[in-house]
Amino acid sequence: MYSLILVSLVVSGSPSSEATLTESRMISVGGGLLSAHQVDRGYSPLIFSGRQGSANATYSKLRGHRERVWALEYSSGTLQNRHGRNLECWSLSWLGLFLYQPHEESPFSWGWSNSNNINRRTIDDFLNYTGRTDYFTSFGPAAKYSLSFGFGKHELTFQVLGHLQLLGFYIPSSHVSSMPRGFGYEQNGFGNAVLNSAFLFHPGSAINFGLRPGLKLKLGENNSVGLSYLYDYSSLSHVHSSQRSRGSLGLSLTMGI
Amino acid sequence: MRISSFVIPVAFLLLGLTACERYLLGQNASDDATSIFDHLWQDVHERYSYFELKGIDWHEVGDRHRERVHDGMPEKELFSVLADMLNELRDGHVNLTSPFNRSRNWGYFQDFPLNYNQGVIDRHYLKSDFWITGPLRNQIIDSVLYVNYRSFMDEISDAHLNELMERAQGLRGVIIDVRSNGGGSMLNAERLASSFTEQSYLFGRVRIKTGPCESCFSSWNDMRVFPRNGPQYLGKVVVLTDRTSFSTTTYFAEMMRQNENAVLVGDMTGGGGGTPAYGELANGWIYRFSATQVVSVEGEHLELGVPVDFDVQLLPEDEHEGVDTIIEFALSLFE
């Protein structure tokens, strides 16, 4: 899966410069290629792997020592297991990062994050209950390391951003490969469907984390182009657990607004 | 800052992360014979929906067949053991599919008389001038519209139904022949049944497995037939079924059984009331089994078949003379 928020990291402005303490807003768009691996034991005990395409958009706001980043990412593609069976997947994620830089010279920022993700897949050769969907929204700590340096006449910034999701709720696929339980055979309105389908997201039942190193090259006053690698892992336990692991390599273009 | 002091650690970081992509998911499941057997047994144990109805002790079944499994056994021998185990479910919706064979349980019709002869129907009832309205072959016989539908896999469109309903207007009745129709899409069954009612009505209830215990099911949910928008036929309808009327065809038979204008003639349907769920084994074989239950309004499981209003068998002497006993009986109901 390439992308996940890939660029989102790159997107955020450099906190190590003087501009860190001023207010700035930036948007970034990007895309890339994703290497994805997935297991869904509601279908098969085998690992499905493959390449996917992704696109993303990020908005970031830096004010004084505080930084906010919102990143939207979509990816889709076909994965395959060792017997050649296909799994068609798409996912949509929305990540919010709320970071604080303790003092101006520090390359580190700390804070918290909120991750929302909906994942849908369908498998070849299964005629019923072929689609499975899950969703989670969760909260946890986040951190960023940012270092700016010169290379010839160019100004580069290296960033690593990480987040770990610890608490929230998730809606797994139902016991029989199908839509989440409340959205299938027990429909009593959207609210009840969510309540009937939701489980507590906590270590031991579910986890999600991401790590995103990136390098960006400054182009003019507020623009930059970036190269990032985004890694993301999630695991949702239920009667049949599902796990996803994906790393994406992508390019992004960031503009000040 | 020297660029090398930056590039080298970053390169290692990226390399390390790339290696993690798959590592965190662990290894593929083992494809040795005992692991495959246990995986199949466990999944059926947790998701199959008719253990209680059929009085099957799945633990006992598993213990008995597990003794025949050992790692390194030939794959065709393993297939045979797994198929034997699955066949104890006595369910036509249970299959194991490998590149070299597909196990099945056809006892629901092979243990009963065959009440259908396509040659007799083609030569003596449809004849040469029948209409082919999409998948619905039809002919007017003695002012009754005879409709022969071979598979609910074949899509029925609104245009097909409009044509069929218009052709039926003014006739004494309609015969829908779904003998030897092994099922298909529920949507086609609903569309066809919707042509014969002005009002929505309940025809059954469904529930699905929601957990691994035998009694872990959702609540019962209504299954209804809704009238279609467009031409309809509200006169008398006779539906012909036999033991090969299976799965969606069983649902259709029950839909029509609950229609006050319709009667069922022939032999009871073959059942197949559970919607099958699928799974894959570590060696790539696919299996399926029933994961839902459907009952009639009266609470009878459709898995056991839908009874007919008039039990009529195809007599060999009639068949020899080119006569379909069941169609003839159906025609007599319009007199």
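Protein chains in written order, with my numbering: chain G, 15 to 271; chain U, 88 to 422. We treat Cβ as the ideally placed atom computed from N, Cα and C, and that holds for glycine.
1. Decide yes or no for the touch test of the region 151-165 of chain U against the region 244-261 of chain U: beta carbon pairs closer than 8 Å, at least 3 of them.
2. For chain U, is any of its Cβ atoms less than 8 Å away from the one on residue 260 of chain G?
3. Would you report the Cα separation of residue 341 of chain U and residue 314 of chain U, rounded to the nearest angstrom?
4. Could you spell out where the beta strand (DSSP E) holding residue 207 of chain U opens and where it closes?
5. When the Cα atoms are used, what is the spatial distance from residue 18 of chain G to residue 103 of chain G?
6. Which partner residues of residue 269 of chain G appear in the DSSP bridge assignment?
7. Identify, in the order they occur along the chain, each residue of the same chain with its Cβ nearer than 8 Å to the Cβ of residue 269 of chain G, setting aside the five sequence neighbours on each side.
8. Using a C-beta to C-beta distance shorter than 8 Å, which residues of chain G count as neighbours of residue 296 of chain U?
9. Have a look at U/328, U/248 and U/287 and flag the residue whose alpha-carbon is nearest the alpha-carbon of residue 417 of chain U.
10. Quick check: what's the CA-CA separation for residue 255 of chain G versus residue 281 of chain U?
11. Do residue 258 of chain G and residue 70 of chain G have their C-beta atoms within less than 8 Å of each other?
12. Counting only Cβ pairs nearer than 9 Å, list the residues of chain G close to residue 362 of chain U.
13. What does residue 111 of chain U touch in chain G if you count any residue whose Cβ is under 7 Å from its own?
14. Taking C-beta to C-beta, are residue 172 of chain G and residue 229 of chain G nearer than 8 Å?
15. Note down, in chain order, each residue of its chain lying with its Cβ closer than 6 Å to the Cβ of residue 252 of chain G, except the 5 sequence neighbours on either side.
16. Looking at the structure shown, is residue 154 of chain U part of a helix, part of a strand, or coil, going by DSSP?
17. Of all the CB atoms in chain G, is at least one closer than 8 Å to the CB of residue 276 of chain U?
18. With three or more beta-carbon pairs closer than 8 Å as the criterion, would you say the region 168-176 of chain U touches the region 293-302 of chain U?
19. Skipping 5 residues on each side, what residues in its chain have a beta carbon closer than 8 Å to that of residue 392 of chain U?
20. Taking a contact to mean a Cβ-Cβ separation below 8 Å, would you say residue 260 of chain G touches residue 51 of chain G in this structure?
21. Between residue 265 of chain G and residue 44 of chain G, which are expected to be in contact by the criterion C-beta below 8 Å, what is the C-beta distance as a whole number of angstroms?
22. Tell me the rounded alpha-carbon separation between residue 82 of chain G and residue 72 of chain G.
23. Which whole-angstrom value describes the C-beta separation of residue 339 of chain U and residue 265 of chain U, a residue pair presumed to lie in contact below a C-beta threshold of 8 Å?
24. Report the residue ranges of all beta strand (DSSP E) runs contained in full by the region 292-337 of chain U; include only those spanning at least 3 residues, in chain order.
25. Could you tell me whether the Cβ atoms of residue 119 of chain G and residue 76 of chain G are closer together than 8 Å?
26. Tell me which same chain residues have a C-beta within less than 6 Å of the C-beta of residue 108 of chain U, skipping the five on either side of it?
27. Provide the residue(s) that pair with residue 220 of chain G in DSSP beta bridges, ordered along the chain.
28. How would you write the range of the alpha helix (DSSP H) that residue 122 of chain U sits in, first residue to last?
29. Less than 8 Å between CB atoms is the rule here; does residue 271 of chain U satisfy it with respect to chain G?
30. Which runs of the beta strand (DSSP E) at least 3 residues long sit entirely within the region 61-130 of chain G? Give them in chain order.
31. For residue 226 of chain U, name the three-state secondary structure that DSSP assigns.
32. With 16 other CB atoms within 10 Å as the buried threshold, where does residue 206 of chain G fall?
33. How should residue 116 of chain U be labelled, buried or exposed, when 16 other C-beta atoms within 10 angstroms of its C-beta is the threshold for buried?
34. For a contact meaning CB atoms closer than 9 Å, what does residue 51 of chain G contact in chain U?
35. Three-state secondary structure (DSSP) at residue 405 of chain U?
36. What would DSSP say about residue 189 of chain G, mapped onto helix, strand or coil?
In brief:
1. Result no; under three Cβ-Cβ pairs closer than 8 Å.
2. Taking Cβ atoms only, chain U reaches closer than 8 Å to residue 260 of chain G, which makes this a yes.
3. Their Cα atoms are separated by approximately 16 Å.
4. Segment 205-208 is the alpha helix (DSSP H) holding residue 207 of chain U; no beta strand (DSSP E) there.
5. Residue confidence is low: residue 18 of chain G scores 36 on pLDDT, short of 50, so the model does not pin down where it sits. Its coordinate-derived value is still stated next. C-alpha separation (whole angstroms): 14 Å.
6. Residue 269 of chain G pairs with G/41.
7. Here the set comprises 40, 41, 42, 236 and 237.
8. Within chain G, 189 and 190 have C-beta atoms less than 8 Å from the C-beta of residue 296 of chain U, given in sequence order.
9. Comparing Cα-Cα distances from residue 417 of chain U to each of U/328, U/248 and U/287, the minimum goes to U/328.
10. The C-alpha of residue 281 of chain U is placed about 40 Å away from the C-alpha of residue 255 of chain G.
11. No, the pair does not count as a contact, with Cβ atoms beyond the cut-off.
12. Those within 9 Å of residue 362 of chain U in chain G are 142, 143 and 190.
13. Chain G residues near residue 111 of chain U: 247 and 259.
14. Closer than 8 Å, so yes.
15. If we look at residue 252 of chain G and ignore the five residues flanking it on each side, its Cβ neighbours are 186.
16. Residue 154 of chain U: coil per DSSP, three-state reduction.
17. It does not: the Cβ of residue 276 of chain U has no partner Cβ on chain G nearer than 8 Å.
18. Touching, no.
19. So the qualifying residues of the chain are 195, 330, 337, 355, 356, 357 and 358.
20. Closer than 8 Å, so yes.
21. Confirmed, about 6 Å.
22. C-alpha separation (whole angstroms): 10 Å.
23. The Cβ separation is near 6 Å, so the contact holds.
24. With a minimum length of 3 residues, the continuous beta strand (DSSP E) runs that stay inside the region 292-337 of chain U are 308-312 and 324-328.
25. Taking a C-beta distance under 8 Å as the contact criterion, residue 119 of chain G and residue 76 of chain G do not qualify as a contact pair.
26. Closer than 6 Å at the Cβ level, and outside the excluded window around residue 108 of chain U, lies no residue.
27. Note: residue 220 of chain G is bridge-paired with G/250 in the DSSP secondary-structure output.
28. Segment 120-134, the alpha helix (DSSP H) holding residue 122 of chain U.
29. Any Cβ of chain G closer than 8 Å to the Cβ of residue 271 of chain U would place that residue at the interface, and such an atom is absent.
30. You should have 62-77, 80-94 and 100-114.
31. Note: residue 226 of chain U maps to strand in three-state DSSP.
32. Label assigned to residue 206 of chain G: exposed.
33. By the neighbour-count definition (other C-beta atoms within 10 Å, threshold 16), residue 116 of chain U is a buried residue.
34. Result: 108, 109, 111 and 112.
35. Per DSSP, reduced to three states, the secondary structure at residue 405 of chain U is helical.
36. In the three-state reduction of the DSSP assignment, residue 189 of chain G falls in the coil class, being assigned neither a helical nor a strand state.
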